[in-house]
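Student: Once you've had a glance at the structure underneath, I'll fire off some questions.
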Amino acid sequence: MQFQAIDHPLVRHKLTLLRDEGTQPKDFRDLLLEISMLLGYAATQGLPLRSTSVQTPVGPAEGQLLAGRQPVIVPVLRAGLGMAEGLLRILPAAAVGHIGLARDPQTHQPVEYYRKLPADIRERHAIVVDPMLATGGSAAAAISIVKGAGACGVTLLCLVAAPEGVRVVDEQHPDVPIFGAALDEGLNDHAYIVPGLGDAGDRLYGTL
Ligand code: PRP
Ligand code: URA
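Be aware that the sequence shown starts at 3, since it is given in the numbering used here, and climbs by one per residue.
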């Protein structure tokens, strides 16, 4: 499996608060932003660097800067927006592309309703962000879209994943590493993650 769980006390703490049904949208948004910064730290570990030198107030210092164009962060609307905010805090010069996908309540298949990606995506690594990896249909579709647009590499960053969803993404996109906070038990009859945290978009924006 390509799934890598980011196991850290702060991640466990914040994920537990996010799962709690009593957590209200404002706290949910704050926590999702904070946990996305922590997950993003791990998910960006492979970014290429170039050597450089700078002058400190004391003398010259060798250092490294991110090489080439910065990544494009691609939130899957709506819930991915909450994670993109956190990633932008650690990658402030990243571009942001948007993909709108809504899961059909009967078939659970994603239906695309919006797409806006940067024109120079061929020069960028895409980090697709969506808190919930349930059946995997939305993530696999979003990855296909950024690959089709020419992104030079793709990483998937989620919060909670079901084994079913990880399998689907693994089968369709074996080259894409998946990072997340937790791999849960599975899906219920409505294709919701168990125990999961419910409907992430609704909890973020108070549309329950
Ligand atoms: C949720 C979630 C993912 C998708 C995951 O979005 O944010 O995009 O479902 O399910 P899957 O792995 O089975 O495809 P939803 O379609 O509910 O839209 P929303 O974010 O606008 O609420
Ligand atoms: N979408 C969500 O927001 N939560 C789930 O558990 C599954 C799909």
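Cβ coordinates follow ideal geometry from the N, Cα and C atoms, glycine included.
So, is Gly-139 buried or exposed, given that buried needs 16 or more other C-beta atoms within 10 angstroms?
Tutor: Buried, because 16 or more other Cβ atoms sit within 10 Å of the Cβ of Gly-139.
Student: Does the beta-carbon distance from Arg-31 to Gly-84 come in below 7 Å?
Tutor: Yes, the Cβ-Cβ distance between Arg-31 and Gly-84 is below 7 Å.
Student: Under 7 Å, do Leu-206 and Ala-81 count as touching if we go by C-beta distance?
Tutor: Yes; because the gap between Cβ atoms is below 7 Å, this pair is in contact.
Student: Assuming Leu-51 and Gln-72 make a contact with CB atoms under 8 Å, what is their CB distance in whole Å?
Tutor: Their Cβ separation, rounded to whole angstroms, is 12 Å, which puts Leu-51 and Gln-72 out of contact at 8 Å.
Student: Going residue by residue through the stretch 14-99, where are the continuous alpha helix (DSSP H) segments of at least 4 residues, counting only ones entirely within it?
Tutor: The stretch 14-99 contains these whole alpha helix (DSSP H) runs: 27-45 and 82-92.
Student: For Ala-95, count the other beta carbons within 10 Å of its own beta carbon; 16 or more makes it buried, fewer makes it exposed. Which is it?
Tutor: So Ala-95 ends up on the exposed side.
Student: Mapping the DSSP letters down to three states, classify Ala-193 as helix, strand or coil.
Tutor: Note: Ala-193 maps to coil in three-state DSSP.
Student: Among Ala-121, Tyr-115 and Ala-193, which residue has its Cα nearest to the Cα of Pro-107?
Tutor: Among Ala-121, Tyr-115 and Ala-193, the Cα nearest to that of Pro-107 belongs to Ala-193.
Student: If you measure between the beta carbons of Gln-4 and Asp-132, is that distance less than 7 Å?
Tutor: For Gln-4 and Asp-132, no; Cβs fall outside 7 Å.
Student: Check Val-130 in the structure and name its three-state DSSP category.
Tutor: Residue state, collapsed to three classes: strand.
Student: Give me the residue from Met-39, Ser-146 and Leu-199 with the minimum Cα distance to Cys-154.
Tutor: When each option's Cα is compared against that of Cys-154, the closest is Ser-146.
Student: Could you tell me if Pro-55 is buried or exposed, where buried requires 16 or more neighbouring beta carbons within 10 angstroms of its beta carbon?
Tutor: The sequence given here has Ser at residue 55, not Pro. Counting Cβ neighbours within 10 Å, Ser-55 comes out exposed, since fewer than 16 surround it.
Student: Taking only the alpha-carbon atoms, compute the straight-line gap between Ile-38 and Glu-87 and give it to the nearest angstrom.
Tutor: The sequence given here places Ser at residue 38; Ile does not occur at that position. The straight-line gap from Cα to Cα measures roughly 8 Å.
Student: Going by DSSP, which residues form a beta bridge with Pro-112?
Tutor: According to DSSP, Pro-112 bridges with Arg-105.
Student: Determine the contact status of Ala-136 and Gly-167, defining contact as a CB-CB distance below 7 Å.
Tutor: Going by C-beta atoms, Ala-136 is nearer than 7 Å to Gly-167.
Student: Going by C-alpha to C-alpha distance, which of Val-113, Val-130 and Gly-152 sits closest to Asp-122?
Tutor: Residue Gly-152 is the option with its Cα nearest to Asp-122.
Student: Does Thr-58 pass the burial test, meaning 16 or more other C-beta atoms within 10 Å, or should it be called exposed?
Tutor: So Thr-58 ends up on the exposed side.
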